[in-house]
Amino acid sequence: MDKEKRKSKMGWFGWTMVSVVTVTIIASGLFFFNVFQLDLETVFDGEDTSDAIDENDITDKGKEELEKVRSTVGQENTKVGQFVSTTHEFYNKTTGYGGINNLDWEEQKDQSQQVINSIEELTPEITDERLLADLESIRSLAQSTLEEENSKDVRNLHRYFHDLDIALNDYTSYDRMWKVTESLKNIE
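Next comes the structure, spelled out in structure tokens:
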């Protein structure tokens with residue numbers, strides 16, 4: 001019976017070690033999340049990449065389709081391409097590398113209003129139905145961002161501009177396509 005009591009007793013040294021290890025793990029976790037500007041949703045829920053296609057997984061047929069879109073829709077809509085490129089650059093700067101978790105909402109709302117105004121200006125000149133559908137989806141997301149501070153809408157705006165930049169401007173600094181646009185719907 002005396003041995004049973006000793007086995008269940010950890011003593012002051014055991015409890016001290018457990019406390020030090022626990023505090024170290026918690027402090028390390030907090031440090032990691034702060035340095036990399038992550039939140040628990042990003043880590044455990046993750047980004048929805050199920051529909052995304054890796055650049056290296058694009059088939060030859062998909063590459064041909066991409067070139068076809070660039071040479072037709074991209075060439076016919078250079079003003080839209082410039083707008084897309086500039087706006088994509090903005091979203092890269094403000095949402096990339098964990099920035100999506102620390103958005104400046106006034107800046108995002110100002111950008112959303114600029115997006116809406118630019119789309120209203122550009123759409124009368126556009127004849128491609130898929131591009132018009134993409135711009136309407138973007139306009140809707142931008143309007144939603146004006147009304148509600150939802151980082152998922154901003155993430156989706158970024159994804160639209162990312163894919164349209166690939167479709168219209170020979171944007172090559174990418175590792176995946178999000179497949180959110182009608183313009184790149186047929187890329188496999």
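Mind the numbering: the sequence shown is residues 1 to 188 in the numbering used here, read in order. We put the CB at the ideal spot given by N, CA and C, even for glycine.
Could you compute how far the alpha carbon of residue i sits from the alpha carbon of residue j?
i, j, result
"TYR97", "GLY11", "46 Å"
"ASP170", "THR78", "12 Å"
"GLU89", "GLN108", "13 Å"
"ARG251", "ASP175", "No information on residue 251 is available, as it lies outside the stretch 1 to 188 that the chain covers here."
"LEU141", "ILE26", "38 Å"
"THR172", "TRP105", "29 Å"
"GLN82", "THR72", "15 Å"
"PHE33", "ASN101", "11 Å"
"SER112", "VAL21", "47 Å"
"ASP54", "GLY99", "22 Å"
"LEU164", "VAL115", "14 Å"
"LEU122", "SER28", "50 Å"
"PHE44", "HIS162", "The predicted model places PHE44 with a pLDDT of 48, which falls under 50 and marks its position as unreliable; any figure quoted below should be read in that light. Cα to Cα, PHE44 sits roughly 25 Å from HIS162."
"ARG70", "VAL23", "55 Å"
"ILE126", "ASP57", "31 Å"
"PRO124", "GLU182", "19 Å"
"LYS93", "LYS9", "56 Å"
"MET177", "ASP153", "17 Å"
"SER19", "PHE31", "18 Å"
"THR86", "TYR160", "13 Å"
"ASP128", "ALA52", "24 Å"
"MET17", "VAL35", "27 Å"
"THR59", "GLU188", "6 Å"
"TYR91", "ALA133", "21 Å"
"ASN117", "LEU103", "22 Å"
"SER137", "ASN186", "18 Å"
"GLU76", "VAL84", "14 Å"
"PHE13", "HIS158", "53 Å"
"THR196", "ASP110", "In this structure the chain extends from 1 to 188, so residue 196 is not present and cannot be described."
"VAL80", "LYS68", "17 Å"
"TRP15", "LEU184", "59 Å"
Contact defined as beta carbons within less than 8 Å: I believe residue i pairs with residue j. What is the distance between those atoms, to the nearest angstrom?
i, j, result
"LEU168", "GLY74", "4 Å"
"ASN150", "VAL180", "Not quite, the Cβ-Cβ distance comes to about 16 Å (not below 8 Å), so this is no contact."
"ILE119", "ARG139", "5 Å"
On the DSSP bridge list, what partners appear for residue i?
i, result
"MET17", "BP columns for MET17 are empty, so no partner."
"ARG176", "ASP54"
Strictly under 9 Å for the Cβ-Cβ distance: is residue i near chain D by that measure?
i, result
"VAL115", "Of the chains in the structure shown, none is chain D; there is only one protein chain."
Validate contact between the stretch 139 to 148 and the stretch 51 to 66 using beta carbons, cut 8 Å, 3 pairs: Look at the beta carbons and you see the stretch 139 to 148 not touching the stretch 51 to 66: under three pairs across the two are nearer than 8 Å.
Uninterrupted alpha helix (DSSP H) stretches inside the stretch 49 to 102 (no shorter than 4 residues): List check, alpha helix (DSSP H) in window: 60 to 69, 78 to 95.
Unbroken stretches of the alpha helix (DSSP H), 4 residues or longer, contained in the stretch 109 to 147: For the stretch 109 to 147, whole alpha helix (DSSP H) runs of length 4 or above, ordered along the chain, are 129 to 147.
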